[in-house]
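Notes for the one structure printed next.
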Amino acid sequence: MHKTRSLNRTSPVDIMARTGKWIYLIFFLILTILPLIWLIISSFKTNYEFETQPFALPVVWQIQNYIKAFQMANLGRLFLNSVIVAICTTAFNTLVASMAAFAISRENFRFKNGLLTIILSGVLIPIIALMVPYFKIVSGLGLYDTLPGLIITYSAINIPISVFLIHGFMSTIPKELEEAAIIDGCSFTQRYTRIVLPLSIPGLVTSGTFVFIYCWNEFTYAMLLTSSEASRTLQLGIRFFRSQFVTDYTSMLAAIVITMVPTIFVYIFMHNRIISGMTSGAVKG
Amino acid sequence: MRVNKNWKQIILFLLPALILFGVYFIYPLGFVIVTSFSKWNGISAPVFHGFKNYIELFQDETFRLSMRNNIVWALVLGFVQIPLAAVMAMILARKPKGWKFFRTAYFLPNVISQVALAMMWLAIYNAEFGILNNLLEMMGFEGLTRNWLGNMDTAFPAVLVQQVFYIGYFMVVILASRMGIPDSYYEAAEIDGANVFQQEFYITLPMLKPILITTMTLALAYGMRHFESTYLMTNGGPAHSTSVMGILLYRNLGALNYGESNAIGAILIVFGGATIALIRWLFSRNLDADDGIQ
């Protein structure tokens, strides 16, 4: 065994494999990460530096680009809107999805599997095809151009994925724990609040992370369902305030970096959960 | 089956999710399909006129071009992005130095919004100060510099390239499947003298077939409904060369042509469903025969 390995290591095929491997790894690293690093460095430059020396480091790191970004685009208000929408949607969606997932995973009733299949097949529907009905529904509820309109819409869009993730997690919790609790006189609701929910926290956190990132980054429906600054989110802000930044490009880059910070932050702390959530079969089917 | 004694609570617990799902998935699906057969401005009542919207759409050159572009998107994502992601998964599964760092880095763009990525690439492709042109000049290829997104010949490939190398999402899914293949298979092959390429071709590929079909199906479906990054970077221009069906749907909505909008929506839904069904059907026999790692 040891011998074959050392033999293989020096064969031309192996040298080719190793060289190719590193070229491939570094090629993709350059494409995915280098533009982001360039963006962040450029956001600290003066406009003159940005246009004349695109690859150099800034002589003085222009922190005021970030201050200007906040002042010019009323970014504070948009940032607050995004935070409200993302947090409320995550909480509401997690509550609704976990209740449904609890009933489906812990109880037996007719149509239970059919119901689960129908809900999960929601992930296959192209949401952009539903622009007209969503616009009509949200307007009809009197929620056009309001934050609750976005919160309800995002909560609903994410029901299939969060029911899938939470149901998958709850199914792994042994039933014996609940049986003991039933003997002790636990009601249906108490089994949910006192036993299954606390044990499902890792699953809830995974699902919540997905929903939070979705809400923070969502653009199409934020554009369709809002029109005033009072209810617009950050993503729309950086898209539509481009004209205000026409003479100050690097401040716009600073605004873009500001919108990326929260999800990158979440990703740094939660990447194991995000990756395990995806591999638990976010696409199994 | 006996009626569950907790049936009242079960219904109560299911109700909020069912209401949201019904209002946002089931009702809109029926709504889109029914009103796609009507002329409707969203204010007065819809007037039904059969297949007129569909006939007009398929006669419209811009729509046909947009549909063709969506098909190109589907093929590029399914048959270029998935193979790229699969090769990366094969490399990372052998745990080269720093593989966890690479995995984290390649997935990073997936947590950043399409708006931020599109704005970043607008700056990269920019004709005057974009780094792509700067880079080409530095390397002595002044002749190649151009207005990448403003040029009929380069705009569509430029928008495709922006997305196709973000392989993180599919790579992570395929990698998880690849990690499920026992090491002993590869050790046995190595003793028999198989080199790494042969091992990947004769062990990994057949074992990964189910997940490759699943991810490919998803990638094709995503391509058929592609909208956001194109809308953000070119809005379909120049001269409709990058247009996709979603952009026409959104424009018709803005022009209060709700009937046409919903006809495009119905086409998106049917095409998406047909893509998924076709792939399933094509591979269903093979899937049953193989015991792949799912």
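Sequence order for the protein chains is A and B.
Counted from 1, the first sequence has number 154 at position 154 by full-length UniProt numbering; the numbering is strictly sequential.
Counted from 1, the second sequence has number 240 at position 240 by full-length UniProt numbering; the numbering is strictly sequential.
We treat Cβ as the ideally placed atom computed from N, Cα and C, and that holds for glycine.
- As DSSP reads the structure, Phe48/B sits in a beta bridge with Ser38/B.
- Our two residues, Glu128/B and Glu49/A, have alpha carbons roughly 14 Å apart in a direct line.
- Between Val159/B and Thr62/B, the CB-CB gap reaches or exceeds 8 Å.
- If you check the CB distance, Ala17/B and Leu124/A do not come in under 8 Å.
- Any Cβ of chain B closer than 8 Å to the Cβ of Gly122/A would place that residue at the interface, and such an atom is present.
- For Thr104/B, the residues of chain A that pass the 9 Å Cβ criterion are Tyr267, Ile268, His271, Ile275, in the order they occur in the chain.
- Bounds of any alpha helix (DSSP H) do not take in Phe219/A, whose DSSP letter is neither H nor E.
- Linking Ile279/B to Gly265/B through their CA atoms gives a straight-line distance of about 21 Å.
- Within the region 93-109 of chain A, contact with chain B at the beta-carbon level (separation under 7 Å) is assigned to Val96, Ala97, Met99, Ala100, Phe102, Ala103, Glu107, Asn108, Phe109.
- Counting C-beta pairs closer than 8 Å gives fewer than three between the region 183-200 of chain B and the region 55-74 of chain B, which falls short of the contact rule.
- Nearest to Phe269/A by alpha-carbon distance, out of Thr46/A, Gly168/A, Val205/A, is Val205/A.
- At a beta-carbon threshold of 7 Å, none of the residues of chain B lie near Met170/A; the nearest stands roughly 12 Å away.
- In the structure shown, Thr146/A adopts coil according to DSSP, grouped into three states.
- Assigned with DSSP and collapsed to three states, Asn53/B falls in helix.
- Ranked by how close their Cα comes to the Cα of Lys112/A, the residues Phe283/B, Gly143/B, Trp7/B have Trp7/B in first place.
- Using a Cβ distance threshold of 8 Å, Leu75/A and Ala255/A count as a contacting pair.
- If one requires a minimum length of 4 residues, the alpha helix (DSSP H) runs lying completely within the region 169-251 of chain B are 183-191, 196-199, 205-224, 228-233, in chain order.
- Under the Cβ criterion of 8 Å, Trp38/A is counted among the residues facing chain B.
- At a cut-off of 8 Å between beta carbons, Ser261/B contacts chain A.
- With distances taken between CA atoms, Leu116/A lies nearest to Gly168/A out of Ser139/A, Gly168/A, Gln235/A.
- Distance between Ser184/B and Glu200/B, taken at the CA atoms: about 14 Å.
- Where Ser276/A is concerned, the enclosing alpha helix (DSSP H) starts and stops at 249-279.
- In the three-state DSSP reduction, Trp61/A falls in the coil class, being neither helix nor strand.
- Listed along chain A is no residue with a C-beta nearer than 7 Å to that of Met233/B; the closest approach is about 11 Å.
- Pairwise C-beta distances place the region 170-186 of chain B out of contact with the region 146-153 of chain B, as fewer than three of them are shorter than 8 Å.
- Judged by their CB atoms, Cys215/A and Val85/A are nearer to each other than the 8 Å cut-off.
- Residues of the region 105-122 of chain B whose Cβ lies closer than 8 Å to any Cβ of chain A, in chain order: Ala105, Tyr106, Phe107, Leu108, Pro109, Val111, Ile112, Ser113, Gln114, Val115, Ala116, Met119, Met120, Trp121.
- For Cys88/A, the enclosing alpha helix (DSSP H) stretches over residues 75-106.
- By the criterion of a C-beta distance shorter than 7 Å, Gln53/A is surrounded by no residue of its chain, once the five residues flanking it on both sides are discounted.
- About 5 Å separates the CB atoms of Met224/B and Gly272/B; that is less than 8 Å, so the two are in contact.
- Following the DSSP letters along the chain, one finds Val111/B in no alpha helix (DSSP H), marked with neither H nor E.
- Distance between Ile63/A and Leu135/B, taken at the CA atoms: about 27 Å.
- Arg239/A reaches chain B at Val115, Ala118, Met119, Leu232, counting residues in chain order whose Cβ is nearer than 9 Å.
- For the pair of segments examined, the region 129-142 of chain A was found to touch the region 27-36 of chain B: the number of CB pairs separated by less than 8 Å reaches three.
- The beta carbons of Met170/A and Ser276/A sit about 16 Å from each other, so the pair does not count as a contact at 8 Å.
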